[in-house]
Ligand SMILES: Cc1ncc(COP(=O)(O)O)c(C=O)c1O
Ligand SMILES: Cc1ncc(COP(=O)(O)O)c(C=O)c1O
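Chains as they are written, first to last, in my numbering: chain H, 1 to 139; chain F, 140 to 278; chain E, 279 to 682; chain B, 683 to 1086.
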């Protein structure tokens, strides 16, 4: 498992190889189509983050300060980005997650997916991931 | 007593002689300073038209369809214009007042004094003068 | 025939590339673009004319007041109101509806009914829910038929002497349905109730004659009519507005203030507390003039052609499911594609420079009705073209391939 | 030293003749003029960027949303709020105060007190009168001393455990008095009450640090701060805004709508129903940047110099009566001339190209206190000069001669 910084760098490199937005989104869509990324029993109201348009389910497990996130979405593109966010933040130390600066989002040109519009729920998802980590980091 | 049209024409002629705004306003101020134009017993709440800034008292007497207006204001310039409006509309037949087109206001450059701003109460005064005449004209 | 090219030339925003493609703007139901005359009216106001209104004796204030009141007169003519004091400026349709709903809080009681419909925008639902909560009145809902028409039989059954107010949209922003407002109004008046029509989607697309309709309250927004943001209108019959309690307290709306007793100003000022959006209101006149100069029926005809063309072209897409196929529709097409999430369609279309709206369109009960999480909506304005529809269809097909 | 000429050059409106004379604009307390950057920000928004916000997935909507939220962040920094969600956009100070006063209708009961002051603008009186009428709470009024200062002893006597809310202006628009807000806030909090400060006249002239002050609610208008009309701010502490019931119902402010149960969105959206004045909010950032770039203390200093100079020069006029001579004053001078009606002065000054405000300044109780029908008010902004004051004094003397 690399550090958050290292995984972000990896992602930037990966995305640099895409020629255009189509290749990039095809990749995200592929990620989004992959197997469910959350156990069905966690797909409950309590774990639901409602964007105006797509919905995200987020579940976190804490194992001695190492947090594992699982998540899902009803929209494929949202789900693809969820997968990327999990790749960066899951299975990391709470303290690292809490202070992580997600620079890769801008760099791989996905800023619009985490914008202030309340459409997809991703911004709220990142906030919740960090909040969870923040609550655990000093325990 | 001339007709409303004739008096307006007179006024336009008179005002044409003024060289500048100062002469015009000096004349209005002079009119405003003249004796009270309303009997004190009519200067009551019921006859009060409240502009935001200056106040106008208006009283009307009907003598067989001929209406006599008396009025006053606490601001001199307003009072001067009140005097002019009375000169045009008072002692006329109700029907004539009701249908009068007060073209002189524009022509003598006093439009701003009867504007939509609710400052001086003059627009409301003209409205009330006409309403009173309208109510009487068909009796 | 209109010259769309000439019209487009008046809209500076349209001539840009988005994500490297020519912008196609099909989100007019949310907000239209503005012609240069509207943009210029704002700049000119601030550059030459700006001052606070209604109170100042100085030249700028008087000129600003005159222009502000000119817009009121223009609105009066635009919707054929009887008097200009029946035109209240608000910040938008939502504000207008809240103004009325707030007033009705103290005019209704337990046992009274308010009727709305299943196809209302949240702005014509939530204010009435809040009004019912405070007043104790009951909210009844006219269901829709599956094609997107109001269930008029159900409406007649809901109406009773308990009905005090009916609040229904003129044109649905989610379905495009044009409601039979004349009939709604007649039926409402028969039981002695009042009716408010949400005209947010109607004034940009259809002639509205409030006296002809005999409607009691009518609400709309400038920003959906080629006008500025932050400006709306509440039309109300003079007698009803006089009865309605004031909404906001403040400057402008009072006759006299003392700590013992405050009296309220006459219409329209009673409902216009505080400094209004002066620049916006003044520029709104330019927007109405723009519509009037073209002719609202010319606009409607052009948009109808686009709706028909879009419908036909969308049918070439496999899995196309229209949401809303009412008999009379205006200016928009709402749809889903089998197996695809509308959000995914919206994101990929955006990458191809095409702006449509996806989601629940602030009309969640409608989504509930059709058991969908959202729809994709193309909504048109006078400056849109068939070529743009073609680009959009091609883009949707491409998105479908990518997502399949 | 600031270069006023360079500043004036940024305000297109100032360079005009009114009634043949160079315009002197001394009605800044009512509304300031706008620098070119603000006018351009509006035009640029409509020309490049216009779309409805917060819901659209397309590029224009996202860009508009980002810019809209950028202004929220700028306001947060401007008044040093803790979080950007504590910044609610309204249509002006009046709207902001009404939002809070409406919420308190259901939070207060008979036996509770609201305290305001004798020097409030109608916008900070009438909403509380309406709130008391509905809730049964009692409105108490802090009297003023004859010099225009608040009677702080009286305030302490009014405060009690019954006090639930205090609403006082930061700076009086009729007298120029700068109130001791720190002390008002401390005393209010001592009895466990909350305090709302009407900052309409303060944000253009003085540094406001809401966290430093520990104020609960703070309201102001963009149009008095070189910004557009139709934009205001309500600042509130997060916990208090969360407690406050929603004001308007509609789009944006909900989480979920169904006919059974509607849940409200989080801050700030809970209080921002409907399409806001997007262009205005976005351009407001340019206005705040304009102020910040000059420095609010530079502005205050310049205006202080003007107040002092004007006061000195006005004293050369016979029959001069200042209305409001509080120890700490800002940005304006309010006066009467013996034997003259302020309206007459205002009209004649206007003929000489000078815009001052005359009348009751939407503060009738103050006029009542001083037993005057109104006052004449010169109110200053960063672009005003001593030479303009000289012209104004000359004009007043000329008016006095004409009216004598
Ligand atoms: C002290 C004070 N409060 C409130 C207001 C009302 O502000 P607005 O008209 O922008 O709502 C004003 C503006 O005149 C004011 O000076
Ligand atoms: C039918 C309908 N009603 C009300 C509204 C609300 O309008 P505004 O956001 O301008 O207040 C809209 C706008 O989306 C609408 O389409």
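Heads up, the beta-carbon is just placed ideally off N, CA and C, and yes, glycines get one too.
Note that the structure is predicted; figures quoted are calculated from it, not measured.
> Can you find a heavy atom of ligand 2 that lies under 7 Å from the Cβ of residue 476 of chain E?
Replying inline: yes
> Enumerated in chain order, which unbroken segments of the beta strand (DSSP E) with a length of 3 residues or greater are wholly contained in the segment 803 to 850 of chain B?
Replying inline: 820 to 824
> By Cβ distance, which residues of its chain are closer than 6 Å to residue 1043 of chain B, with the 5 residues on each side in sequence left out?
Replying inline: 855, 856
> So which residues of chain E does residue 189 of chain F contact, with C-beta pairs closer than 8 Å?
Replying inline: 533, 534
> Is it buried or exposed for residue 818 of chain B, if we count other Cβ within 10 angstroms and need 16 for buried?
Replying inline: exposed
>> Just checking: is the beta-carbon of residue 128 of chain H within a distance shorter than 8 Å of some beta-carbon in chain B?
In response: no
> Can you give the beta carbon distance from residue 761 of chain B to residue 917 of chain B, rounded, assuming they're within the 8 Å contact cut?
Replying inline: 6 Å
> Anyone know if the C-beta pair for residue 82 of chain H and residue 125 of chain H falls short of 8 Å?
Replying inline: yes
> Cα separation between residue 654 of chain E and residue 643 of chain E?
Replying inline: 16 Å
>> Is there a C-beta anywhere in chain B that falls below 8 Å from the one on residue 112 of chain H?
In response: yes
>> Just to make sure I have the definition right: I need the residues of chain H whose C-beta is within less than 7 Å of the C-beta of residue 625 of chain E. Which are they?
In response: 77
>> For residue 838 of chain B, tell me which candidate among B/829, B/767, B/848 has the shortest Cα-Cα distance.
In response: B/848
>> Tell me which residues of the segment 638 to 659 of chain E have at least one Cβ-Cβ distance to chain B shorter than 7 Å, keeping chain order.
In response: 640, 642, 643, 646
> Any heavy atom of ligand 2 closer than 7 Å to the CB of residue 372 of chain E?
Replying inline: yes
> In terms of alpha-carbon separation, which member of B/898, B/885, B/887 lies closest to residue 866 of chain B?
Replying inline: B/898
> Quick one: complete alpha helix (DSSP H) runs, 4+ long, within the segment 760 to 807 of chain B?
Replying inline: 775 to 787
>> Going residue by residue through the segment 194 to 269 of chain F, where are the continuous alpha helix (DSSP H) segments of at least 4 residues, counting only ones entirely within it?
In response: 215 to 228, 233 to 238, 243 to 246
>> Closer than 8 Å between beta carbons: that is the criterion. Which residues of the segment 734 to 745 of chain B meet it against chain E?
In response: 734, 737, 738, 739, 740, 741, 742, 743
>> Taking the alpha helix (DSSP H) that residue 476 of chain E belongs to, which residues open and close that run?
In response: Where residue 476 of chain E is concerned, there is no enclosing alpha helix (DSSP H), although the beta strand (DSSP E) it sits in stretches over 472 to 476.
> Nearest-angstrom Cα distance between residue 441 of chain E and residue 573 of chain E?
Replying inline: 37 Å
> Can you list the residues of chain B that residue 526 of chain E reaches, using a CB-CB cut of under 8 Å?
Replying inline: 776, 777, 780, 809
> Which residue comes first and which comes last in the alpha helix (DSSP H) that contains residue 907 of chain B?
Replying inline: Premise fails: residue 907 of chain B is in no alpha helix (DSSP H) and is neither H nor E.
> residue 619 of chain E versus chain H: which residues are under 7 Å apart at the beta carbon?
Replying inline: 54, 74, 75, 76
> Does the Cβ of residue 709 of chain B have 16 or more other Cβ atoms within 10 Å, making it buried, or fewer, making it exposed?
Replying inline: buried
> If you measure from the CB of residue 806 of chain B, is any heavy atom of ligand 1 nearer than 7 Å?
Replying inline: yes
> So what does DSSP say about residue 669 of chain E, is it helix, strand or coil?
Replying inline: helix
> What's the C-alpha gap between residue 49 of chain H and residue 117 of chain H?
Replying inline: 14 Å
>> Quick check on the DSSP output: the alpha helix (DSSP H) that includes residue 683 of chain B runs from which residue to which?
In response: It is not in any alpha helix (DSSP H) - residue 683 of chain B carries neither H nor E in the DSSP assignment.
> Quick one: does residue 183 of chain F have its CB under 8 Å from some CB of chain B?
Replying inline: no
> Nearest to residue 577 of chain E by CA position, among E/480, E/647, E/601, is which residue?
Replying inline: E/480
> Mind pulling the chain B residues with CB within less than 9 Å of residue 495 of chain E?
Replying inline: The contacting residues do not exist; residue 495 of chain E stays about 16 Å from chain B at best.
> What are the partner residues of residue 706 of chain B, as DSSP defines its beta bridges?
Replying inline: B/1036
>> Using a Cβ-Cβ cutoff of less than 8 Å, which residues in the same chain neighbour residue 128 of chain H once the five nearest sequence positions on both sides are dropped?
In response: 49, 58
> Using the rule of at least 16 other Cβ atoms within 10 Å of the residue's Cβ for burial, across every protein chain shown, is residue 831 of chain B buried or exposed?
Replying inline: buried
> Which first and last residues belong to the beta strand (DSSP E) in which residue 148 of chain F is found?
Replying inline: First-last for residue 148 of chain F: 143 to 155, but that is the alpha helix (DSSP H), not the beta strand (DSSP E).
> Are residue 824 of chain B and residue 836 of chain B touching if we call contact CB-CB under 8 Å?
Replying inline: yes
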